[in-house]
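Numbering (the numbering used here), first residue to last: 17 to 472.
Working notes for the structure below.
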């Protein structure tokens with residue numbers, strides 16, 4: 017028996033939503049010196065407070081490997097400390113942006129040599145040692161920054177990957193060594209996890225793509241598992257000067273920005289501001305550039321003067337960094353044992369998600385819940401265009417009246433029960449919440465379409 021189609025229109029809100037893999041992040045670095053000192057573990061309570069009080073769901077975990085710049089083998093104790101950090105993130109309901117580095121600058125500027133990083137052969141051996149822990153905890157890793165090379169892992173002031181006396185001089189062999197590090201990281205991670213390099217030129221030079229729009233990923237290339245489809249960029253001197261202190265090297269600079277603007281339709285862009293450069297670092301310019309370059313995340317701690325200059329607009333940044341999906345309308349009908357669901361939505365954020373999501377239609381009443389995986393890829397729900405989804409699924413097998421819900425789940429975490437020491441379920445914490453009124457089910461992580469179907 018056919019059921020007449022019902023249409024619901026949704027209203028939106030301006031809440032800052034603690035969705036994963038987007039928004040502001042906190043910086044948390046840790047060290048490991050020759051005497052095994054310096055490691056500061058992540059604190060579950062603090063991480064949980066970031067998420068529940070600040071709506072911040074991500075931490076840049078910068079692992080400094082000072083001890084291991086001079087030895088090939090990473091201590092098992094260090095790997096155990098890393099595992100404890102991933103366990104803390106899992107218990108707190110946050111994710112980590114991961115980077116490894118060997119050295120911070122010494123006193124004075126420019127930094128004195130030697131800088132303190134490690135040669136390529138040692139880096140590659142250590143990436144192999146890190147591979148099991150990265151793979152085992154890929155559910156807690158949103159992206160890995162290429163790291164390892166140079167001070168802060170940013171690839172410039174390095175003893176081995178350019179001329180130490182003039183770091184701007186990078187030989188063909190240096191580039192081959194840098195590419196070997198990125199390739200090793202890509203191999204260490206599951207195919208569904210990405211790496212960010214520090215500048216667009218690094219990707220262009222290592223993987224043979226031109227600058228400008230033509231060099232960026234196409235829709236056909238996106239998510240095909242290739243190296244170029246898995247490499248984004250982190251700009252850690254965003255808004256600091258016309259070329260962001262050497263982040264952009266093209267002539268004119270706009271070519272590199274055009275490249276990033278195209279590429280980041282499908283790969284992650286994030287970073288931090290590092291100094292006032294008015295008017296470019298002020299809100300109107302900053303917001304326009306974050307939208308153009310599809311920024312997913314930004315450091316909430318640095319640079320404080322830049323962030324302070326944005327005033328109350330910081331709340332807009334909290335809303336728009338990364339994705340922000342809002343339902344606009346849905347229509348539900350049934351006929352001949354099938355339920356048809358049409359969902360219309362839009363992305364009010366600056367970027368799309370860059371990691372996979374599992375989309376499900378849920379039929380729920382007090383006695384039964386039925387889940388149907390449906391074809392959809394939120395990574396392609398880009399800002400700026402309406403998104404229309406149409407699905408037809410079998411009606412629930414047991415008669416009754418069911419709510420119709422939408423679950424946009426983290427495929428690695430949706431079935432894992434409750435967070436350790438918490439009443440929250442993994443799905444409720446890691447699933448995607450729409451920016452609508454009256455739709456979120458906080459206990460399950462489902463979005464209520466405010467539709468029902470009655471099965472007779």
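Note that beta-carbon positions come from the ideal geometry of N, C-alpha and C, so glycine has one too.
Terminal residues of the continuous alpha helix (DSSP H) containing residue i?
i: residue 445; result: 442-446
i: residue 136; result: 136-152
i: residue 223; result: 216-223
i: residue 336; result: 330-336
i: residue 325; result: 320-325
i: residue 103; result: 92-108
Starting from residue i and walking both ways along the beta strand (DSSP E), at which residues does that stretch end?
i: residue 273; result: Note, residue 273: premise wrong, no beta strand (DSSP E); alpha helix (DSSP H) at 269-279.
i: residue 43; result: 39-46
i: residue 160; result: 157-161
i: residue 528; result: Look at the range of the chain in this structure, 17 to 472, and you will see that residue 528 is not part of it.
i: residue 453; result: Note, residue 453: premise wrong, no beta strand (DSSP E); not H, not E.
i: residue 114; result: 111-117
i: residue 386; result: 385-389
i: residue 465; result: 462-471
i: residue 292; result: Residue 292 -> no beta strand (DSSP E), and no H or E assigned at all.
i: residue 378; result: 374-380
i: residue 352; result: Looking at the DSSP string, residue 352 is not in any beta strand (DSSP E), and its letter there is neither H nor E.
i: residue 53; result: First-last for residue 53: undefined, no H or E at that position.
i: residue 435; result: Residue 435 -> no beta strand (DSSP E), and no H or E assigned at all.
Buried or exposed for residue i, going by 16 or more other Cβ atoms inside 10 Å?
i: residue 151; result: exposed
i: residue 248; result: buried
i: residue 392; result: buried
i: residue 162; result: buried
i: residue 336; result: buried
i: residue 187; result: exposed
i: residue 334; result: buried
i: residue 383; result: exposed
i: residue 397; result: buried
i: residue 231; result: buried
i: residue 197; result: buried
i: residue 251; result: buried
i: residue 148; result: exposed
Quick one, are the C-beta atoms of residue i and residue j less than 8 Å apart?
i: residue 284; j: residue 212; result: yes
i: residue 378; j: residue 423; result: yes
i: residue 110; j: residue 78; result: no
i: residue 158; j: residue 112; result: yes
i: residue 35; j: residue 73; result: yes
i: residue 390; j: residue 376; result: yes
i: residue 29; j: residue 453; result: yes
i: residue 160; j: residue 209; result: yes
i: residue 75; j: residue 118; result: no
i: residue 120; j: residue 167; result: yes
i: residue 180; j: residue 172; result: no
i: residue 463; j: residue 43; result: no
i: residue 282; j: residue 233; result: yes
i: residue 91; j: residue 141; result: no
i: residue 115; j: residue 169; result: yes
i: residue 469; j: residue 418; result: yes
i: residue 312; j: residue 286; result: yes
i: residue 342; j: residue 245; result: no
i: residue 467; j: residue 420; result: yes
i: residue 310; j: residue 366; result: yes
When DSSP labels each residue in this structure, what does residue i get in the three-state scheme?
i: residue 254; result: strand
i: residue 208; result: coil
i: residue 67; result: helix
i: residue 86; result: coil
i: residue 81; result: coil
i: residue 229; result: helix
i: residue 185; result: coil
i: residue 345; result: strand
i: residue 406; result: strand
i: residue 418; result: strand
i: residue 179; result: strand
i: residue 25; result: strand
i: residue 243; result: coil
i: residue 430; result: coil
i: residue 192; result: helix
i: residue 340; result: coil
i: residue 76; result: strand
i: residue 237; result: coil
i: residue 60; result: helix
i: residue 198; result: helix
Would you verify that the beta carbon of residue i is, or is not, closer than 8 Å to some beta carbon of chain B?
i: residue 246; result: Of the protein chains in the structure, only one exists, and it is not chain B.
(request) Decide if the segment 212-225 is in contact with the segment 262-279; the criterion is three or more beta carbon pairs, one per stretch, under 8 Å apart. (result) yes
(message) Under 8 Å, with one C-beta from each stretch per pair, do the segment 29-49 and the segment 79-89 reach the 3-pair mark?
(response) yes
(message) I want to know whether the segment 318-333 touches the segment 343-355 - three or more CB-CB distances under 8 Å.
(response) no
(message) Quick test of the definition: if touching needs 3 or more C-beta pairs under 8 Å, does the segment 441-459 touch the segment 398-415?
(response) no
(request) Specify whether the segment 27-42 and the segment 362-376 touch according to this definition: at least 3 beta carbon pairs, one from each stretch, less than 8 Å apart. (result) yes
(request) Check whether the segment 125-145 touches the segment 97-104, taking contact to mean three or more Cβ pairs, one atom from each stretch, closer than 8 Å. (result) Taking 8 Å as the limit for Cβ pairs, the verdict is that the segment 97-104 does not touch the segment 125-145.
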